[in-house]
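J.: Residue numbers for the sequence shown follow my numbering, beginning at 1 and rising by one.
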Amino acid sequence: MKLKMEYWYDKMNPKQELIDLLKTKACKIGSFTLLSGKQADLFIDCKQVCLTSYGHYLASRILYEEIENIKEQYNISKLAVAGVELGGCPLASGVSLYSYKLNPIDCLYVRKTRKDHGTGKLIEGSIEPGIEVILLEDVVTTGKSSLEAVKNLKEAGYNVFGIISLVDRMDGGKEEIEKLGLKFVSICTKDKILT
């Protein structure tokens with residue numbers, strides 16, 4: 001049975017599978033206030049997909065493959081991933097776990113606010129500063145929260161190469177991120193989810 005299951009995973013189209021799950025499980029129509037403060041009639045809650053075992057597997061595999069392509073294209077030998085609290089954290093952990101037997105990638109978590117107890121950390125993880133980091137996000141809208149996380153990572157001594165998002169809402173975030181010289185990649189865009 002194990003061999004058949006691995007064979008099935010190898011034959012599927014993981015990117016299309018993930019997009020289909022986002023369409024059916026992550027999208028809500030109504031009236032919503034986004035983190036950016038913008039009003040929207042579509043809310044994309046990637047956690048509804050990424051916190052299931054199958055969705056987590058798909059997202060981790062797709063993101064890992066995208067990261068390996070970036071490493072090869074830009075000749076980066078070693079890097080880490082970071083996830084922004086809350087939606088990016090399972091993505092970072094998933095990529096790290098998926099990579100373990102292939103080409104290990106360690107991960108960091110970036111808090112939105114500094115802990116007011118214990119060590120008061122803003123960034124969690126045991127990776128030494130100086131390494132290249134790719135920030136992982138579930139959804140990018142205006143890019144504000146992503147860029148705040150980039151700022152915090154840089155202040156802690158990490159070299160942020162770019163950001164990969166599962167979904168680009170196409171509300172200017174990509175342009176704001178690229179203005180700072182960061183690479184931006186999205187697995188899919190809002191228009192792909194809506195078609």
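We put the CB at the ideal spot given by N, CA and C, even for glycine.
Can you give the beta carbon distance from Leu182 to Ile163, rounded, assuming they're within the 8 Å contact cut?
T.: Confirmed, Cβ separation roughly 6 Å.
J.: Can you tell me the Cα-Cα spacing of His56 and Ser186, whole angstroms?
T.: C-alpha separation (whole angstroms): 17 Å.
J.: Using DSSP bridges, identify the partner residues of Asp168.
T.: Paired residues: Val140 and Thr189.
J.: What do you reckon, are the CB atoms on Ala80 and Asp45 nearer than 8 Å?
T.: No, Cβ-Cβ distance for Ala80 and Asp45 is not below 8 Å.
J.: Leaving aside the five residues before and after Lys15 along the sequence, list all residues of the same chain whose C-beta is less than 6 Å from its C-beta, in chain order.
T.: Ile62.
J.: Mind checking Ile199: buried by the 16 CB within 10 Å criterion, or exposed?
T.: No answer is possible for residue 199: the residues shown for the chain start at 1 and end at 195.
J.: Assuming Tyr109 is part of the beta strand (DSSP E), what are its boundary residues?
T.: First-last of the beta strand (DSSP E) with Tyr109: Cys107 to Val110.
J.: Using only the alpha-carbon positions, how far apart do Thr24 and Thr141 sit?
T.: Each residue's alpha carbon lies about 20 Å from the other.
J.: May I have the straight-line CA-CA distance separating Ala149 from Ala26, to the nearest angstrom?
T.: Each residue's Cα considered, the two are about 24 Å apart.
J.: Which of helix, strand or coil does DSSP assign to Glu132?
T.: Strand, per DSSP.
J.: Assuming the contact rule is C-beta atoms closer than 8 Å, Leu42 and Val167 should be a hit. Round their C-beta distance to whole Å, please.
T.: Not confirmed; about 11 Å, so no contact.
J.: For Ile76, which residues of its own chain have a beta-carbon under 6 Å away from its beta-carbon, when the five flanking residues on both sides are left out?
T.: So the list reads Glu132, once near-sequence residues are dropped.
J.: Please go through the same chain and pick out, in chain order, the residues whose beta-carbon is closer than 7 Å to the beta-carbon of Glu178, but skip the five residues on each side of it.
T.: Excluding positions up to five away in sequence, the list reads Phe184.
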